[in-house]
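Participant: Heads up: take any position in the sequence shown, counting from 1, add 3, and you land on our numbering. Ideal Cβ positions, reconstructed from N, Cα and C, are used throughout, including at glycine. One structure coming up, written as structure tokens, with questions to follow.
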Amino acid sequence: MNAPEVLPLNLIVVGASIAGLTAAFALAEAGHNVVVLEKNRGNELHTGSIRCPPNLSRIFHEHPIIKKMYLERGVKTKSIIVREGSQCADIGLMVFPEELMRDCGADFYLHTYDDIRKILLDLCDHYGVTIHYGCQVKRAEGTTDGVDLFLVDERRFHADVVVAADGRESTLRQYVSDYDETNVNVTEEIVSMRWKLPFKDVAQDPELALFAEEDVWSAYFCDGVIFSLTPHPLQNEVHFWVSYRPPGTPDLRRSFTHLDPRIQKAIDLGKSQWIPEMYNNYAVNEWVGLQSRAVLIGDAAHASTPDGTYNASMAVEDGIILAELLGKVTSKSQIPVVLGAFQDLRQPRAESNSYGESQRFVIQTLPPELTVQRDAELKVTLQMRPGEEMEFNNELLATTWGTFVDAYAYDSRLVAQGWWKMWGSNVWKR
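Structural data, given as structure tokens:
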């Protein structure tokens with residue numbers, strides 16, 4: 004059965020986050036009228052890198068207007084170097100399989116948050132998305148034909164569908180999902196801090212030059228602390244972050260004197276920038292509400308640590324799949340079914356990636372008595388020949404690496420198109 008003519012909807016996306024901007028441009032590309040409400044002023048700069056695995060890179064490759072910028076400003080990486088944190092000695096080299104990268108049609112890139120945001124803003128502009136800054140949503144009410152949003156300045160907006168992409172501290176979550184503490188599954192609590200240093204200063208400092216390897220994503224493990232970094236020579240920045248389990252101190256700080264002096268120096272140089280912050284890995288049970296005309300996406304629905312592998316790609320996947328589903332709606336009566344399908348498709352993916360992220364953190368923060376076995380198995384990868392498939396005897400390592408590889412092959416558009424192929428004829432009868 005051929006799809007009938009698509010019905011243009013009036014949509015409001017709350018939050019100019021990565022998830023929000025992706026949903027906005029993709030929904031506009033699909034033919035809908037899209038407005039974004041963002042509480043901030045839009046001129047903020049962010050400290051942080053984004054890991055862009057193939058499942059995310061492929062989405063940006065589809066758009067000629069931003070593909071060139073994506074490829075030029077990103078750092079293409081083919082591997083992860085794992086080092087021991089007390090002496091910076093190599094203990095593992097996790098190479099992304101070339102065959103997998105070819106099958107995925109894209110590579111693994113490291114980007115700054117600001118560059119990805121600029122790419123998404125360019126796409127929003129190209130597809131005619133309207134963005135209103137300084138618009139903080141206070142509350143939401145369901146109506147007979149959509150959702151009303153009320154701002155703190157008493158302005159009111161109406162939409163056929165509201166997309167809540169307003170992050171971890173989501174205002175809309177309580178209205179969409181009857182949110183309370185029992186409605187969120189917390190899988191991990193992590194303290195993280197981030198900062199950046201000038202790339203040239205790092206590269207020219209004999210003690211820090213190790214951290215300026217241009218095409219490498221490096222991770223250092225030591226006594227429950229993860230020290231990681233990504234270099235961005237084009238932007239003259241090296242982005243650093245440290246993660247660890249909550250230490251039980253009120254200020255969330257812990258000592259780093261057990262780390263290699265070079266790592267301690269990098270941490271000390273960033274002290275003026277970093278503030279330890281607590282993050283929960285969580286997933287909300289209900290993503291659709293207000294009479295099935297509002298939906299949670301991105302960190303409002305599920306979240307892992309900002310320095311994780313899946314956070315940004317999950318946000319982008321949410322936006323693309325939501326747009327693919329709403330992009331074939333021919334009647335407003337179909338909206339509840341389509342939003343329900345979004346939740347059904349995305350929740351298992353979120354749960355799987357949350358599990359993979361938690362396993363990664365467990366591996367990286369093992370107690371000293373268990374690190375010997377982990378490091379011994381990782382060291383085998385240093386001797387592997389190019390193209391040789393990585394296999395681990397350790398179940399935790401094997402499962403975590405397998406989760407990574409499986410996640411990279413995920414194709415957002417095909418997932419949504421597959422749902423329409425299976426259920427479209429029934430939905431269009433509504």
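Should E394 go down as buried or exposed, given a rule of 16 or more other Cβ atoms within 10 Å for buried?
Facilitator: Counting Cβ neighbours within 10 Å, E394 comes out exposed, since fewer than 16 surround it.
Participant: In this structure, how does DSSP classify C138 when only helix, strand and coil are distinguished?
Facilitator: Here C138 sits in coil by DSSP.
Participant: By alpha-carbon positions, which one of Q139, Q367, P209 and V164 ends up nearest to N36?
Facilitator: If we check each option's Cα against that of N36, V164 comes out closest.
Participant: P234 and E210: beta carbons closer than 8 Å?
Facilitator: Going by C-beta atoms, P234 is not nearer than 8 Å to E210.
Participant: According to DSSP, is V98 helix, strand or coil?
Facilitator: Strand.
Participant: Would G18 be called buried (16 or more neighbouring beta carbons within 10 Å of its own) or exposed?
Facilitator: G18 comes out buried.
Participant: Using 8 Å as the threshold, is the C-beta distance between V241 and L255 below it?
Facilitator: No. Outside cutoff.
Participant: Name, in chain order, the residues that DSSP records as bridge partners for S357.
Facilitator: For S357, which the question treats as bridged, DSSP gives no partner whatsoever.
Participant: Under the three-state reduction of DSSP, which class applies to M281: helix, strand or coil?
Facilitator: In the structure shown, M281 sits in a strand (DSSP, three-state: E or B).
Participant: Please look up how many angstroms separate the CB atoms of V332 and V341, rounded, as I've assumed it's under 8 Å.
Facilitator: 6 Å between Cβ atoms; contact.
Participant: Can you grab the Cα-Cα spacing for the pair K141 / F111, in whole Å?
Facilitator: Rounded to whole angstroms, K141 to F111 spans 39 Å at the Cα level.
Participant: Determine, using beta-carbon pairs with one atom in the segment 242–254 and one in the segment 190–209, whether at least three such pairs fall under 8 Å.
Facilitator: They touch, by the three-pair rule.
Participant: Which residues share a DSSP beta bridge with K79?
Facilitator: Looking at the DSSP assignment, K79 forms a beta bridge with Y112.
Participant: Helix, strand or coil: how does DSSP classify G145 here?
Facilitator: Three-state DSSP puts G145 in a strand.
Participant: Assuming contact is defined by CB atoms lying nearer than 8 Å, are Y411 and L213 in contact in what I supplied?
Facilitator: Going by C-beta atoms, Y411 is not nearer than 8 Å to L213.
Participant: Residue range of the beta strand (DSSP E) that I229 falls in?
Facilitator: Element bounds for I229: V228 to H235.
Participant: Looking only at its chain, what residues have a beta carbon closer than 8 Å to the beta carbon of V68, apart from the 5 residues adjacent to it on each side?
Facilitator: For the record, residue 68 in the displayed sequence is Ile; it is not Val. Counting only Cβ-Cβ distances below 8 Å, and skipping sequence neighbours, we find D125, L126 and H129.
Participant: What is the rounded straight-line gap between the Cα of L293 and the Cα of L175?
Facilitator: Their Cα atoms are separated by approximately 10 Å.
Participant: Give the DSSP bridge partners of P201, in chain order.
Facilitator: Partner(s): E240.
Participant: Going by the beta-carbon positions, is the gap between N284 and S355 smaller than 8 Å?
Facilitator: No. Outside cutoff.
Participant: With DSSP as the reference, identify every bridge partner of I193, one or two as the case may be.
Facilitator: I193 pairs with Y282.
Participant: Between the C-alpha atoms of A109 and A315, what's the straight-line distance to the nearest angstrom?
Facilitator: Between A109 and A315, the C-alpha separation is close to 16 Å.
Participant: What's the C-alpha gap between F230 and P339?
Facilitator: The alpha-carbon atoms of F230 and P339 are separated by roughly 44 Å.
Participant: Counting only the same chain and skipping the five closest in sequence on each side, list residues whose C-beta sits under 7 Å from that of L237.
Facilitator: Correct list, in chain order: R76.
Participant: For the beta strand (DSSP E) that contains A26, what are its first and last residues?
Facilitator: It is not in any beta strand (DSSP E) - A26 instead sits in the alpha helix (DSSP H) that spans I21 to E32.
Participant: Just to confirm the assignment: which complete alpha helix (DSSP H) runs, minimum length 4, are found wholly within the segment 396–425?
Facilitator: Counting whole runs of 4 or more residues, the segment 396–425 contains the alpha helix (DSSP H) stretches 398–411.
Participant: Under the rule that 16 or more other beta-carbon atoms within 10 Å means buried, what is I21, buried or exposed?
Facilitator: Burial call: buried.
Participant: Taking G273 as the reference, which of F28, D409, T50 and T403 has the closest Cα?
Facilitator: Residue T50 is the option with its Cα nearest to G273.
Participant: If you draw a straight line from the alpha carbon of R159 to that of G322, how long is it in whole angstroms?
Facilitator: Each residue's Cα considered, the two are about 24 Å apart.
Participant: Return helix, strand or coil for F364, following the three-state DSSP convention.
Facilitator: In the structure shown, F364 sits in a helix (DSSP, three-state: H, G or I).
Participant: Can you give me the C-alpha to C-alpha distance between R352 and H261, rounded to a whole angstrom?
Facilitator: Looking at the two C-alpha atoms, the distance is approximately 37 Å.
Participant: Distance, Cα to Cα, A206 vs N239?
Facilitator: So the two alpha carbons sit approximately 10 Å from each other.
Participant: Once you ignore the five residues that flank E289 on each side, which residues in its own chain have a CB closer than 6 Å to its CB?
Facilitator: Contacts found: S180.
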